[in-house]
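A.B. asks:
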Amino acid sequence: MLNVDLRPFTAKWHRAQAAGLLDSRDGANEFRYELDRIRERLVIFAEELQVMAYGAMTPDAETPPAVSRKEIEQCFEPLKFGVEANSAIAQLIFDDEAKEIAARRNARALPPNTGVDAVGLALSGGGIRSATFCLGVIQVLAQRGLMKHVDYLSTVSGGGYTGAFMSSLIGSGQDFDQLANPYGPDTNPVRHVRQNAKYLSIVDLKSRWTMVVGTIAGLILNWSAPLALLSGLAILASLLSLQFAFWANASLAFGGLTIVAIAIYGLSLKFGLAKWPRMAIALISAIALCLVAVTVSELAFAKFESMPYAIPVALATTFSIVAAPVAIRFLPVFRAEAYRRGLFTATLYAAAIIVPVLALLCFYALRHLACQDMDTNVPWWNLLHYTNGFLVLCAVTAAAGLFSFFILDVNLTGPHKLYRDQLAQTFIWPPGTTELALSDINPNQRAPYHLINATVNLPSSQELVLRDRKGDFFLFSKHWVGSTAVKYKRSPCWHATGSPMDLATAMAISGAAASPQMGLGSMPSLSALMTLLNIRLGFWIANPRKPSPVTPPGFSCILKEMTGWMMSEKQAWLNVSDGGHIENMGLYELLRRRCKFIVCVDGEADPESTFHGQLTLVRHAQIDLGIRIEPHLDEMRPDPKSRYSKTHAQLFRIRYPERSKDMPAGMGLLLYLKLSLTGDEAELLKRYRLVHPDFPHQSTIDQFYDEEQFEAYRQLGVHVAEGTFAPALVPPRPTPPDVREWFEHLAANMLEPSRR
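Position one of the sequence shown corresponds to residue 114 (our numbering), numbered consecutively onward.
In structure tokens, the structure reads:
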């Protein structure tokens with residue numbers, strides 16, 4: 114016993130412990146598995162010794178488990194799923210989804226389990242990093258035959274790339290074996306994704322230059338809206354043009370009135386008449402500030418007219434500032450992430466200072482134009498050869514206004530279309546399918562019901578919770594699209610640039626990370642700047658509850674993105690962007706549907722390990738839905754010295770409250786898989802970490818993955834998923850036949866005692 118069993122065991126694990134292998138949960142799980150095998154041999158040995166010593170054997174009592182069997186059994190009581198049927202629309206949504214799930218279970222020859230124990234898979238945001246990490250996890254689940262048991266697939270942002278790939282692949286008639294083979298060789302669909310992982314990268318210089326020019330051209334077309342506004346203000350200023358002394362005296366007079374009003378306000382406080390003096394102070398002081406601004410503007414305009422080179426310098430500076438972000442995005446000289454990030458940040462800061470100044474110079478240039486008389490001595494191509502400057506300014510205003518109101522479509526001039534088209538070429542199967550309508554996905558009903566999460570930006574809503582969050586959870590799915598705030602409508606009712614919403618557009622909207630309005634992540638001080646620089650991946654979608662807009666989203670939508678005004682659930686045009694702007698895990702809709710078993714794959718950038726996405730979801734779930742989740746994240750936080758975590762995975766309880774007599778309180782389980790390193794990964798990953806110290810949380814700005822980077826994140830996803838099938842957690846043979854049995858094994862070995 115000592116030589117054959119114990120010494121080999123202790124020798125192996127002493128070396129492993131000295132190497133730090135037992136510091137990770139994966140290594141500890143392997144140790145537990147082998148220790149359990151040794152325990153079985155020791156029990157037999159102890160019994161033989163008892164017989165030799167006493168002639169009889171008394172079995173030892175086993176140590177009770179950390180979580181009692183009764184407590185585990187409570188976690189697996191049946192749970193009815195579905196959205197809360199508090200309206201006729203909600204009932205229709207539930208009925209349609211239940212039919213899809215029942216049809217899928219029937220097509221897969223699975224037990225119907227009518228209306229209970231839904232299985233959900235959530236793929237988080239994080240750009241191509243999350244998409245690749247999630248792909249590795251899905252490949253393992255597909256190889257083990259568990260993907261066919263998934264009822265709901267909920268994706269957001271980068272996770273939506275892989276989600277759309279899977280939905281279109283299975284919907285085209287392929288099966289999950291085309292997603293398997295996590296250890297190679299690649300199937301044709303997976304090879305296609307790998308080879309096109311640089312989905313924003315263009316091969317030849319001609320295509321790159323075309324992309325750059327097209328983006329800048331779209332930016333200039335977008336400027337027709339602010340140009341119309343500035344031209345109109347220039348016309349008004351030229352009509353009201355008075356002497357500098359008039360504006361100065363008027364500002365001094367209203368400044369004096371403000372002081373008098375403040376004195377009256379001080380006296381009125383004693384007599385309880387403070388309300389109307391406050392209103393008077395606000396009005397008078399606002400007028401005074403406007404007059405001061407006009408005074409300073411008139412003084413500056415006089416200086417501007419004495420500077421003949423102001424306009425050429427302004428134009429040259431404008432072009433360099435607006436062209437820089439485009440060049441950084443697309444030209445190969447800026448391929449290194451460090452250069453891209455540094456130059457992009459520097460350009461943004463420079464633009465924050467220069468663009469307001471350029472807007473003022475443009476206003477002055479237009480005013481200067483209004484003052485010019487007709488001059489036949491100027492060249493024939495100069496409009497002042499035929500008419501005066503004021504009429505030219507009126508023509509510019511009319512042309513810019515008509516174009517921005519009736520022709521301009523900001524969904525087409527922004528980078529959204531380019532982003533959407535490149536994503537579609539990579540992640541929509543079969544290749545070349547770019548217009549797959551949402552209502553046509555998964556026609557054979559063999560894939561999970563896909564929920565694509567986005568954010569509808571509502572910063573000016575009258576609802577306090579929407580105003581605080583600056584948006585609402587927006588959902589795209591096969592049958593229904595919408596949100597609680599803007600209401601739900603059938604998918605064909607929602608139109609994108611005149612045609613029904615399609616999978617590629619929904620995927621791109623869900624991943625529209627950079628937008629002037631970004632829900633919880635909105636930065637009002639930068640909204641106008643980002644709009645002017647055309648850094649706007651968000652999308653304007655027609656609200657089907659309102660009469661169909663006659664004109665495309667143009668002038669008004671540009672101004673709304675710049676200011677956040679008139680952006681509420683009651684408007685004809687709704688601005689939608691990345692689902693991560695309100696919830697980046699993709700879990701909210703699964704919790705709303707009371708899924709029993711949920712696998713959450715978290716691939717967001719979290720270099721500080723603050724678990725922002727997960728804990729934001731915990732907060733929203735408790736506030737909105739009354740659902741409590743019990744996360745224990747200490748072992749997932751990396752050690753400050755080694756920068757390794759102890760585990761990639763944790764299992765949490767989900768406590769669902771009672772909705773009605775038909776939906777009593779119940780419990781679900783959430784398997785949380787985190788993008789992390791524990792130190793027991795393959796050498797390929799260790800080498801990549803040495804070369805790239807910020808792996809696996811490289812910036813989401815980097816969307817140009819080469820083969821090595823793609824494989825590093827995919828292999829990490831495979832490693833993390835395989836860890837949940839370790840022999841100490843799940844019997845090595847056979848593979849769990851379904852998700853329920855898999856979770857039963859995980860609960861027995863991973864679940865912590867309840868705190869209640």
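Yeah, the Cβ is synthetic: ideal placement off N, Cα and C, and Gly gets one too. No experiment lies behind these values; they were computed from the predicted model shown.
1. Would you kindly work out how many angstroms separate the C-alpha atoms of Y601 and A201, rounded to a whole number?
2. Looking only at C-alpha atoms, which of L764, Q822, K774 and F823 sits nearest to G836?
3. With a threshold of 8 Å between beta carbons, is E186 in contact with chain E?
4. Identify whether I206 lies in helix, strand or coil by the three-state DSSP scheme.
5. Could you work out which residue in G634, F519, W653 and R756 is closest to R580 when comparing CA atoms only?
6. Using beta-carbon positions only, say whether G584 and I736 come within less than 8 Å of one another.
7. Which same chain residues end up closer than 7 Å to N116 when comparing Cβ atoms and leaving out the 5 residues on each side of it in sequence?
8. Run through the DSSP bridge pairs and tell me what G233 is partnered with.
9. With the cut-off set at 8 Å, would you say P302 and Q291 are in Cβ contact?
10. For the beta strand (DSSP E) that W126 lies in, which residues bound it at each end?
11. Do T526 and N688 have their C-beta atoms within less than 8 Å of each other?
12. From which residue to which residue does the beta strand (DSSP E) around L782 run?
13. Just to check my reading of the structure: D264 and Y701 have Cβ atoms closer than 8 Å, yes? What is that Cβ distance to the nearest angstrom?
14. Is it right to say L782 is buried, meaning 16 or more other beta carbons lie within 10 angstroms of its own, or is it exposed?
15. Which two residues bound the contiguous beta strand (DSSP E) that contains W653?
16. Between the alpha carbons of W607 and Q822, how many angstroms are there, rounded?
17. From the DSSP secondary-structure annotation, give me the bridge partner or partners of N566.
18. Determine the direct distance from the alpha carbon of A338 to that of A483, and round the result to whole angstroms.
19. Could you tell me which residues DSSP puts in a beta bridge with R603?
20. With DSSP as the reference, identify every bridge partner of V689, one or two as the case may be.
21. I need the straight-line Cα distance from A617 to V509, nearest angstrom please.
22. Assign D807 to one of three DSSP states: helix, strand, or coil.
23. Mapping the DSSP letters down to three states, classify K193 as helix, strand or coil.
24. Since F765 is in the alpha helix (DSSP H), which residue starts that stretch and which ends it?
25. Are three or more beta carbon pairs between the segment 257-273 and the segment 224-236 nearer than 8 Å?
26. Can you tell me which of the three DSSP states R658 falls into?
27. Only counting the same chain, and skipping five residues up and downstream in sequence, which positions put a Cβ closer than 6 Å to that of I554?
28. Which of helix, strand or coil does DSSP assign to H745?
29. Buried or exposed, going by whether 16 or more other CB atoms sit within 10 Å of the CB of P445?
30. Residue range of the alpha helix (DSSP H) that T245 falls in?
31. Could you give the distance in angstroms between the alpha-carbon of P840 and the alpha-carbon of G140?
32. What do you reckon, are the CB atoms on M698 and C708 nearer than 8 Å?
33. Should P850 be labelled buried (16 or more other beta-carbon atoms within 10 Å of its own) or exposed?
34. Just the Cα atoms here: how many angstroms apart are N501 and M487?
35. Which same chain residues end up closer than 6 Å to E186 when comparing Cβ atoms and leaving out the 5 residues on each side of it in sequence?
36. How many Å lie between G692 and F587 at the Cα?
C.D. replies: In short, the structure shows the following:
1. The residue labelled residue 601 in the question sits at position 488 within the sequence shown. The residue labelled residue 201 in the question sits at position 88 within the sequence shown. When rounded, the distance between both Cα atoms is 11 Å.
2. If you number the sequence shown from 1, residue 836 lands on position 723. Minimum Cα distance to G836 is reached at L764.
3. In summary, chain E is missing from the structure at hand, where a single protein chain is found.
4. As a first step, residue 206 must be located in the sequence shown, where it is residue number 93. Helix.
5. Here residue 580 refers to the residue found at position 467 when the sequence shown is read from its first residue. The candidate whose alpha carbon is nearest that of R580 is G634.
6. What you label residue 584 is simply residue 471 of the sequence shown in a count that begins at 1. What you label residue 736 is simply residue 623 of the sequence shown in a count that begins at 1. Against a cut-off of 8 Å, the Cβ pair of I736 and G584 comes out as no contact.
7. Taking the sequence shown and counting its residues from 1, the one referred to as residue 116 is at position 3. Closer than 7 Å at Cβ, skipping near neighbours: no residue.
8. Here residue 233 is taken as the residue at index 120 of the sequence shown, counted from 1. Answer is Y265 and I711, bridged to G233.
9. Numbered from 1 along the sequence shown, position 189 holds the residue referred to as residue 302. Numbered from 1 along the sequence shown, position 178 holds the residue referred to as residue 291. Yes, Cβ-Cβ distance for P302 and Q291 is below 8 Å.
10. Stepping through the sequence shown from its first residue, residue 126 is reached at position 13. That residue, W126, is in no beta strand (DSSP E); its alpha helix (DSSP H) goes R120 to A131.
11. Within the sequence shown, the letter at position 413 stands for residue 526. Within the sequence shown, the letter at position 575 stands for residue 688. No; because the gap between Cβ atoms is not below 8 Å, this pair is not in contact.
12. As a working note, residue 782 is residue 669 in the sequence shown. G779 to K787 is the span of the beta strand (DSSP E), which, as asked, contains L782.
13. Looking up residue 264 in the sequence shown gives position 151. Looking up residue 701 in the sequence shown gives position 588. Not a contact, Cβ separation roughly 16 Å.
14. Position 669 of the sequence shown holds residue 782. Buried: at least 16 other Cβ atoms inside 10 Å.
15. Here residue 653 is taken as the residue at index 540 of the sequence shown, counted from 1. Unbroken beta strand (DSSP E) run through W653: F652 to A655.
16. As a position in the sequence shown, residue 607 is number 494, starting the count at 1. As a position in the sequence shown, residue 822 is number 709, starting the count at 1. In a straight line, the C-alpha of W607 is about 37 Å away from that of Q822.
17. On the sequence shown, position 453 is the one that residue 566 refers to. Bridge partners of N566: V269 and L588.
18. For the purposes of this step, residue 483 is taken as residue 370 along the sequence shown, with counting starting at 1. For the purposes of this step, residue 338 is taken as residue 225 along the sequence shown, with counting starting at 1. Those two C-alpha atoms are separated by around 19 Å.
19. For the purposes of this step, residue 603 is identified with residue 490 of the sequence shown, where counting begins at 1. DSSP output for R603 lists W593 as bridge partner(s).
20. Here residue 689 corresponds to residue number 576 of the sequence shown, with the count starting at 1. Note: V689 sits in a beta bridge opposite V569 and F652.
21. Within the sequence shown, the letter at position 504 stands for residue 617. Within the sequence shown, the letter at position 396 stands for residue 509. So the alpha carbons of these two residues sit roughly 38 Å apart.
22. Position 694 of the sequence shown, counting from 1, holds the residue named residue 807. Coil.
23. By 1-based counting over the sequence shown, the position of residue 193 is 80. Looking at K193 - three-state DSSP - the assignment turns out to be strand.
24. Working through the sequence shown from its first residue, we reach residue 765 at position 652. Where F765 is concerned, there is no enclosing alpha helix (DSSP H), although the beta strand (DSSP E) it sits in stretches over A762 to Y769.
25. yes
26. To locate residue 658, count along the sequence shown from 1; it is residue 545. R658 falls in the coil class under three-state DSSP.
27. Taking the first residue of the sequence shown as 1, we reach residue 554 at position 441. Only S280, G284, K591 and L616 meet the Cβ criterion.
28. The sequence position of residue 745 within the sequence shown is 632, counting from 1. Looking at H745 - three-state DSSP - the assignment turns out to be coil, as it is neither helix nor strand.
29. Numbered from its first residue, the sequence shown carries residue 445 at position 332. In this prediction, P445 scores a pLDDT of 47, lower than 50, which makes its location untrustworthy; the coordinate-derived value is nonetheless stated afterwards. It counts as exposed.
30. Within the sequence shown, numbered from 1, the residue matching residue 245 stands at position 132. First-last of the alpha helix (DSSP H) with T245: G240 to Q256.
31. On the sequence shown, residue 840 is found 727 positions in, with the first residue counted as 1. On the sequence shown, residue 140 is found 27 positions in, with the first residue counted as 1. If I take the Cα positions, the gap works out to 11 Å.
32. Translated into the one-based positions of the sequence shown, residue 698 becomes position 585. Translated into the one-based positions of the sequence shown, residue 708 becomes position 595. Taking 8 Å as the Cβ cut-off, M698 and C708 do not qualify as a contacting pair.
33. As a first step, residue 850 must be located in the sequence shown, where it is residue number 737. P850 is exposed by the Cβ-count criterion.
34. The residue given as residue 501 occupies position 388 in the sequence shown. The residue given as residue 487 occupies position 374 in the sequence shown. About 4 Å.
35. Translated into the one-based positions of the sequence shown, residue 186 becomes position 73. Excluding sequence neighbours, E186 sits near nothing in its chain.
36. What you label residue 692 is simply residue 579 of the sequence shown in a count that begins at 1. What you label residue 587 is simply residue 474 of the sequence shown in a count that begins at 1. Computed Cα separation, rounded: 8 Å.
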